[in-house]
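To convert a position in the sequence shown, counted from 1, into this note's numbering, add 11. Note that beta-carbon positions come from the ideal geometry of N, C-alpha and C, so glycine has one too. The block underneath contains the structure these notes are about, expressed in structure tokens.
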Amino acid sequence: MLLDSIHSPADVRALPEGQLPQLCQELREFLVKSVSKTGGHLASNLGAVELTVAIHRVFDTERDRLVFDVGHQCYVHKMLTGRRERFAALRQLDGLSGFPKPHESVHDAFIAGHASNSVSVALGMARARTLGGEDYRVLALIGDGALTGGLAYEGLNNAGASGEPLIVILNDNGMSINLNVGAMPSHLARLRSRPGYYHFKKWYRSLFGPRPMKNPLYRFNHKVKTFLKRSLFPGSTLFEDMGFTYLGPVDGHDLPRLCDALRWARELDCPVVVHVNTVKGRGCAFAERNPDMYHGVGPFDPETGLLKKTGEESFSSVFGKALADFAREDARVCAITAAMADGTGLSGFAKTFPDRFFDVGIAEGHGVSMAAGMAAQGLLPAFAVYSTFLQRGYDMLIHDVALEKLHVVLGVDRAGLVGADGETHHGCFDALFLPALPGYTVLCPASFAELRHMLQRALFALTGPVAVRYPRGGEGAYRDDASDKPLVRLRAGRDVTLLSYGVLVNQALAAAALLEKKGIRAEVLKLNQIAPLDGAVLADFFQETDILLVLEDCFGAGCVGQRVAAILAGEGRAPKKLILKNLGRTFAPEGGVPQLEERFGLDAAAVAAAAEEACHER
12 MLLDSIHSPA
22 DVRALPEGQL
32 PQLCQELREF
42 LVKSVSKTGG
52 HLASNLGAVE
62 LTVAIHRVFD
72 TERDRLVFDV
82 GHQCYVHKML
92 TGRRERFAAL
102 RQLDGLSGFP
112 KPHESVHDAF
122 IAGHASNSVS
132 VALGMARART
142 LGGEDYRVLA
152 LIGDGALTGG
162 LAYEGLNNAG
172 ASGEPLIVIL
182 NDNGMSINLN
192 VGAMPSHLAR
202 LRSRPGYYHF
212 KKWYRSLFGP
222 RPMKNPLYRF
232 NHKVKTFLKR
242 SLFPGSTLFE
252 DMGFTYLGPV
262 DGHDLPRLCD
272 ALRWARELDC
282 PVVVHVNTVK
292 GRGCAFAERN
302 PDMYHGVGPF
312 DPETGLLKKT
322 GEESFSSVFG
332 KALADFARED
342 ARVCAITAAM
352 ADGTGLSGFA
362 KTFPDRFFDV
372 GIAEGHGVSM
382 AAGMAAQGLL
392 PAFAVYSTFL
402 QRGYDMLIHD
412 VALEKLHVVL
422 GVDRAGLVGA
432 DGETHHGCFD
442 ALFLPALPGY
452 TVLCPASFAE
462 LRHMLQRALF
472 ALTGPVAVRY
482 PRGGEGAYRD
492 DASDKPLVRL
502 RAGRDVTLLS
512 YGVLVNQALA
522 AAALLEKKGI
532 RAEVLKLNQI
542 APLDGAVLAD
552 FFQETDILLV
562 LEDCFGAGCV
572 GQRVAAILAG
582 EGRAPKKLIL
592 KNLGRTFAPE
602 GGVPQLEERF
612 GLDAAAVAAA
622 AEEACHER
């Protein structure tokens, strides 16, 4: 197999051009076979095979800086930079990350996982290169989806005006920035991507001296050419108006043309956009037919594409169904998502209530502000958003929602540890920053029944901003609904109090059962609401024991446990022994949630051991 001889980008550059199609075919076959076992991002990587090979044919990423946006399409890059043998551990604990990580390889210029920042980061690197007097190229590889995020335009606007030599590769696999119809645009696109065209252009400009734009004849010819080009290639005007030289569109599966375009971009001493059209899922029939389904996918049959685990209810799907039910009852209920209709369980809502469903793209800040505007005019907007992505809307949560005390409902999906996507995707901050915002109510269901009930309360009973935070996946052994009160006692005990919220109450209950076998009676308290916290209620419940263990899957600084302890101290009920079980100050890596809970001491056995030690010390 040709792929067995590829251990570095140098091996890719050394291949005869005639062997490149075989390499691309083998890369796709390996991708499908590997991801079918581990799960991961398939369709986006299949679409970027030729593009990634072309980048490594033209550039040296050991020195040149390649900045990925989001990073969903980095698998082929990893395979070509010496990490193919590690793909069996893709997205596994202590394995290979599914995103670019500089600690893995010198070929990974910058960490990725969130969207729209690549141009800004690349411009920073280009400026550092210029200031340092160094000589290397800087590339930003951004997809059309990431261009729905406002930060991308902030970066493009500044980069184009900077004049810094910088290459932005736009991998356009879905959103049509421009529509070229007819034979003439296709012919001109081919012509513009050929080296001869670029060499002629350079020679032509040189005829008019070092500053051709000062020559009246050149300016006249340039205006005529620009008018014709903009008529045929309207999509190019956005980038050129920002100060970029626009190349393309280029067929992203035509390796010779890709390499020619990238070589020309490399020679230009200015900001350049190379617009590449690719097909998501290319070369795999079931992924091409349904690229959304195979964007981020679990293990599947590599021959048929059938998922090995399907049909399970999740907190996301329950949220979407419940929201649709409430929308039937009240025409004011609307749903908002940020390019995550399937992931947040809102696909059914979108089909049933298309006029009340709004996908804002990768623009969470805009989503929050739009929800604020809807609420100000009397609607009941529910913004379903992953916890890790809600961070992008933090400023709007304060200024557009909190200050106005608007009734915006946030469905904070993927709260807490989420697993294989790793540190960029764990939802470990919302439990810290949402309770800190004035006027917010933050609810934490531990079962599907509680999620339905809390969402109903959030929409119709509570006022002001309300967040309902829930984890990825399904519910645990606890399936009751005790959500009417902010704090409930799930189990009585006089030796130690275990306090938690959300699905981690399952670990607390399991730990109490382990302690009971050792003669230790553990009380289990469950917070249904982590903001606001009522000091009188907390003090009333914390009467039986003098040891408090708080269990939560967020970072330690500003965690719920710290706030509870401070409130209890203010009420004169400070525990004699306080144990905080959380992530501390460490980002959690990739891995299964049970594995990560065990690593950070959040599993039942570790909780029971910590409680037992505290009881013996007493």
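Sequence-distant residues of the same chain with beta carbon closer than 6 angstroms to residue i, five excluded per side
{"i": "SER325", "result": "GLY484, GLY485"}
{"i": "VAL632", "result": "The first residue shown for the chain is 12 and the last is 629, placing residue 632 beyond what the model contains."}
{"i": "ASP71", "result": "none"}
{"i": "GLN84", "result": "SER55, ASN56, ALA59"}
{"i": "GLN103", "result": "none"}
{"i": "ALA361", "result": "ALA352, PHE368"}
{"i": "LEU31", "result": "LEU266"}
{"i": "GLY513", "result": "CYS455, ALA457"}
Beta-carbon separation (whole angstroms), residue i vs residue j, contact threshold 8 angstroms
{"i": "PRO476", "j": "GLY450", "result": "6 angstroms"}
{"i": "ASP432", "j": "GLY109", "result": "6 angstroms"}
{"i": "CYS270", "j": "ALA25", "result": "In fact, because the Cβ distance is near 14 angstroms, the residues do not count as touching under 8 angstroms."}
{"i": "GLY354", "j": "SER328", "result": "At roughly 10 angstroms, the Cβ-Cβ gap does not stay under 8 angstroms, so GLY354 and SER328 are not in contact."}
{"i": "ARG39", "j": "GLY294", "result": "4 angstroms"}
{"i": "VAL535", "j": "LEU501", "result": "4 angstroms"}
{"i": "VAL412", "j": "VAL423", "result": "In fact, because the Cβ distance is near 14 angstroms, the residues do not count as touching under 8 angstroms."}
{"i": "ALA568", "j": "ARG610", "result": "Going by Cβ atoms, the distance from ALA568 to ARG610 rounds to 19 angstroms, so no, they are not a contact pair."}
{"i": "LYS496", "j": "ASN539", "result": "7 angstroms"}
{"i": "LEU334", "j": "LEU177", "result": "43 angstroms between Cβ atoms; not a contact."}
{"i": "ILE541", "j": "VAL571", "result": "5 angstroms"}
Proximity winner among the options, relative to residue i (alpha-carbon distances)
{"i": "VAL287", "options": "ALA21, TYR405, ASP155, GLY124", "result": "ASP155"}
{"i": "ILE409", "options": "GLY389, SER380, PRO176", "result": "SER380"}
{"i": "LEU181", "options": "VAL499, ALA151, ALA139, SER173", "result": "ALA151"}
{"i": "GLY372", "options": "GLU461, VAL514, GLY603, ALA157", "result": "ALA157"}
{"i": "LEU249", "options": "GLU375, LEU266, GLY171", "result": "GLY171"}
{"i": "ASP265", "options": "GLY29, ARG532, PHE553, ASP15", "result": "GLY29"}
{"i": "LYS112", "options": "ARG138, GLY82, LEU31, ARG468", "result": "GLY82"}
{"i": "MET90", "options": "SER19, ASN184, GLN36", "result": "SER19"}
{"i": "ALA126", "options": "GLU145, ARG138, THR141, ASP80", "result": "ASP80"}
{"i": "GLU115", "options": "ASP22, GLY93, MET253, ALA350", "result": "GLY93"}
{"i": "GLY504", "options": "TYR489, LEU515, GLU555, THR474", "result": "GLU555"}
{"i": "LEU515", "options": "TYR257, LEU258, GLY487", "result": "GLY487"}
{"i": "GLY602", "options": "ALA100, GLY259, THR452, GLU323", "result": "ALA100"}
{"i": "ARG339", "options": "PHE364, LYS320, LYS319", "result": "PHE364"}
8 angstroms Cβ cutoff met for residue i and residue j
{"i": "HIS377", "j": "ALA599", "result": "no"}
{"i": "CYS345", "j": "LEU391", "result": "yes"}
{"i": "LEU510", "j": "VAL575", "result": "yes"}
{"i": "ASP366", "j": "THR348", "result": "no"}
{"i": "LEU273", "j": "VAL285", "result": "yes"}
{"i": "LEU443", "j": "GLN518", "result": "no"}
{"i": "PHE566", "j": "LEU544", "result": "no"}
{"i": "ASP441", "j": "SER494", "result": "no"}
{"i": "LEU470", "j": "PHE255", "result": "no"}
{"i": "TYR147", "j": "ARG74", "result": "yes"}
{"i": "ASP341", "j": "GLY427", "result": "no"}
{"i": "SER173", "j": "PRO282", "result": "yes"}
{"i": "ASP492", "j": "ALA460", "result": "yes"}
{"i": "SER16", "j": "PHE98", "result": "no"}
{"i": "GLY384", "j": "LEU62", "result": "no"}
{"i": "GLY404", "j": "GLU375", "result": "yes"}
{"i": "GLY307", "j": "ALA298", "result": "no"}
{"i": "VAL179", "j": "ILE153", "result": "yes"}
{"i": "VAL604", "j": "GLY430", "result": "yes"}
{"i": "MET136", "j": "ARG76", "result": "yes"}
{"i": "ALA387", "j": "LEU417", "result": "yes"}
Proximal residues to residue i (C-beta, below 8 angstroms), its chain only, five neighbours per side dropped
{"i": "GLU582", "result": "GLY546, ALA547, LEU549, ALA550"}
{"i": "ALA625", "result": "VAL507, ILE558, LEU560, LYS588, ILE590"}
{"i": "SER47", "result": "PRO310, PHE311, ASP312, PRO313"}
{"i": "ALA585", "result": "ALA576, LEU579"}
{"i": "LEU525", "result": "ALA615, ALA616, ALA619"}
{"i": "GLU527", "result": "ALA533"}
{"i": "ARG490", "result": "SER458, PHE459, ALA460"}
Contact test: residue i Cβ vs the ligand PLP heavy atom, cutoff 7 angstroms
{"i": "LEU607", "result": "You won't find the ligand PLP in this model; it holds no ligand whatsoever."}
Own chain residues within Cβ distance below 7 angstroms of residue i, not counting five before or after
{"i": "ILE166", "result": "The sequence as given places Gly at residue 166; Ile does not occur at that position. Only VAL130, SER131, LEU134 meet the Cβ criterion."}
(request) Counting only runs of 3+ residues fully inside the segment 333 to 388, write out the beta strand (DSSP E) ranges in chain order. (result) Segments of the beta strand (DSSP E) lying fully in the segment 333 to 388: 344 to 348, 368 to 370.
(message) Quick check for students: name the residue ranges of the beta strand (DSSP E) that lie wholly in the segment 394 to 479, counting only runs of 3 or more.
(response) 420 to 424, 452 to 454
(request) Tell me the start and end of each unbroken beta strand (DSSP E) in the segment 280 to 319 that is at least 3 residues and wholly inside, in chain order. (result) 282 to 288
(message) To test your reading of the DSSP string, which unbroken alpha helix (DSSP H) runs of 4 or more residues are found completely within the segment 120 to 145?
(response) 129 to 143
(request) At 3 residues or longer, and completely inside the segment 64 to 117: list those beta strand (DSSP E) runs for me, N to C. (result) 76 to 79
(request) Mind listing, in chain order, the continuous beta strand (DSSP E) runs of no fewer than 3 residues lying wholly within the segment 569 to 628? (result) For the beta strand (DSSP E) assignment, the uninterrupted runs of no fewer than 3 residues enclosed by the segment 569 to 628 are, from N- to C-terminal side, 588 to 592.
(request) Could you tell me which uninterrupted alpha helix (DSSP H) segments, each at least 4 residues in length, are contained entirely in the segment 502 to 578, listed from first to last along the chain? (result) 516 to 527, 546 to 552
(message) To test your reading of the DSSP string, which unbroken beta strand (DSSP E) runs of 3 or more residues are found completely within the segment 37 to 63?
(response) Segments of the beta strand (DSSP E) lying fully in the segment 37 to 63: there are none.
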